[in-house]
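Visitor:
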Amino acid sequence: MSAEVFLKACVNQPTEYTPVWFMRQAGRYLPEYRAIRSKLSLLEICRRPEVACEVTVQPVERLGVDAAILFADILLPFEPMGLGLSFRRGEGPVIENPIRRAKDVWRLRELDPKSDLEYVMETIRLVRGRLGERTPLIGFAGAPFTLASYAIEGASTRSFVLTKTLMYSDPQTWHSLMDKLAVAVGRYLACQIEAGAQALQLFDSWAGALSPDDYRRYALPHTAKALALAREANAKVPIIHFGTGTSTLLELMAEAGGEVIGIDWRIPLDQARSRVPNRAIQGNLDPCALLGSLDELESQVSEILRRAGGRPGHIFNLGHGILPQTDPDRLRRVVDLVHERSAAGVYQ
Ligand code: CP3
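Residue numbers (my numbering): 30 to 377.
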């Protein structure tokens, strides 16, 4: 295996086989992760570079994927920015000082990723040392909209009521928050490139909560700014721009930036591709397909490869993160199937 396959696919160049990795490939479905997690909290793992390096590499060894993703969390910048961050068991993230009005935005601290998130940069350096030129390392950050939704709601949400209330009632405060997040994310990503990240993924996981008009007005300019700032470090590092529920937003996401557009399972891969013809596509197996029968799983994998049709610029992935109850052997099966079929040119 070489770093080339994944990195070439990101820029639409032909490869010997289709590269594959999985969102949340480091995590609770892996017994070796759970063993570490039983002793340390999520934030403790992130803040100890040797441990974060270890859990980053675990799925690469166990699954044979074509890329590693840095073990960190999109919410890590919140602590140094003064928002306060903790994770409660079973509840997900909790933001202690959420943003509700203009003065909450004024008091946000500017992120200095080099010192504030030095432990992330150290993890990147350790992982690069460990993986060498074998497997490329993907750095990542949350997009301004997805981060704003956590900063405003103070926790995970399904409805985005507080987020949209602020957006629609006080657009000036909204744009000032989004601008601060865009600068923080852009600098953070640039810093990850300098530390050795060979590709980046921008997670706009909840962008699909917005209509196209609202995405264009309230999110796109800020995502574009974040990506432009990241590019200042190195314009050649490929960027994957991912979101879920984005069937109506693909062209706008591509306009905001990214060589690769990451999609969920709700849109057929070939349809997505025809909407953003100059980009590579990442996706798009439903994570729940890993929980059903092996026959169903294999037929869904084959269908995705058929729709990709052997054209350059497909990175196989799930449409969202691996679920904790997933059997690691099923993921290994998917990796092998994607590699074997694509290397043999079998797309039916
Ligand atoms: O393997 C990898 O993907 C790398 C590590 C990674 C984590 N979080 C570690 C983590 C990545 C890429 C993320 C991204 C992330 N974090 C996103 C965007 C991706 C997505 O899923 O849409 C979001 C929205 C978050 C915020 C977040 N972190 C939430 C909402 C939660 C709680 C929900 C849950 O699954 O428990 C987390 C916790 C978290 N971050 C876990 C991991 C492995 C699971 C918690 C644990 O081990 O206790």
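All residues carry an ideal CB built from backbone N, CA and C; glycine is no exception. Note that the structure is a prediction, hence the values are computed from the model and not measured.
Apart from the five residues on each side of it in sequence, which residues of its chain come closer than 8 angstroms, Cβ to Cβ, to L314?
Guide: If we look at L314 and ignore the five residues flanking it on each side, its Cβ neighbours are W294, Q329, V330, I333, F345, N346, L347, G348, V363.
Visitor: Under the DSSP definition of a beta bridge, which residues are partnered with S115?
Guide: Note: S115 sits in a beta bridge opposite V123.
Visitor: Distance, Cα to Cα, V89 vs K132?
Guide: Between V89 and K132, the C-alpha separation is close to 45 angstroms.
Visitor: Looking at C-beta atoms only, is the number of pairs between the stretch 107–122 and the stretch 189–201 that lie closer than 8 angstroms three or more?
Guide: Contact between the stretch 107–122 and the stretch 189–201 is absent, because fewer than three Cβ pairs lie under 8 angstroms.
Visitor: Cβ of P341 within 8 angstroms of Cβ of L92?
Guide: No.
Visitor: Three-state secondary structure (DSSP) at I344?
Guide: Residue state, collapsed to three classes: strand.
Visitor: Quick check on the DSSP output: the alpha helix (DSSP H) that includes V149 runs from which residue to which?
Guide: Element bounds for V149: 147–160.
Visitor: Tell me whether T175 counts as near the ligand HEM, meaning its Cβ is closer than 7 angstroms to at least one heavy atom of that ligand.
Guide: By its list of ligands, the structure shown excludes the ligand HEM, since it contains just the ligand CP3.
Visitor: Would you call the CB atoms of I128 and A170 closer than 8 angstroms?
Guide: Not in contact: I128 and A170 (Cβ atoms no closer than 8 angstroms).
Visitor: Going by C-alpha distance, which of D141, E284, V214, A236 is nearest N307?
Guide: Closest by alpha carbon: E284.
Visitor: Is the CB-CB distance between T275 and G237 below 8 angstroms?
Guide: Result yes, Cβ atoms of T275 and G237 sit closer than 8 angstroms.
Visitor: Out of G286, E280, V84, L320, which one is the CA nearest neighbour of A301?
Guide: Here the closest residue by C-alpha is E280.
Visitor: Measuring only the C-alpha atoms, how far is T164 from Q227?
Guide: Those two C-alpha atoms are separated by around 10 angstroms.
Visitor: Between the Cα of L231 and those of S240, P297, L210, spot the shortest distance and give me the residue it belongs to.
Guide: Among S240, P297, L210, the Cα nearest to that of L231 belongs to L210.
Visitor: Which residue spans inside the stretch 204–252 form an unbroken alpha helix (DSSP H) run of at least 4?
Guide: Runs of the alpha helix (DSSP H) inside the stretch 204–252: none found.
Visitor: Between A55 and the ligand CP3, is there a pair consisting of the residue's CB and a ligand heavy atom that are separated by less than 7 angstroms?
Guide: The answer is yes for A55.
Visitor: Using alpha carbons as the reference points, say which of R77, Q42, L99 lies closest to G56.
Guide: The shortest C-alpha separation from G56 is found at L99.
Visitor: Scan the stretch 177–208 and note each continuous beta strand (DSSP E) run of 3 residues or more that stays entirely inside, going in chain order.
Guide: Runs found: none.
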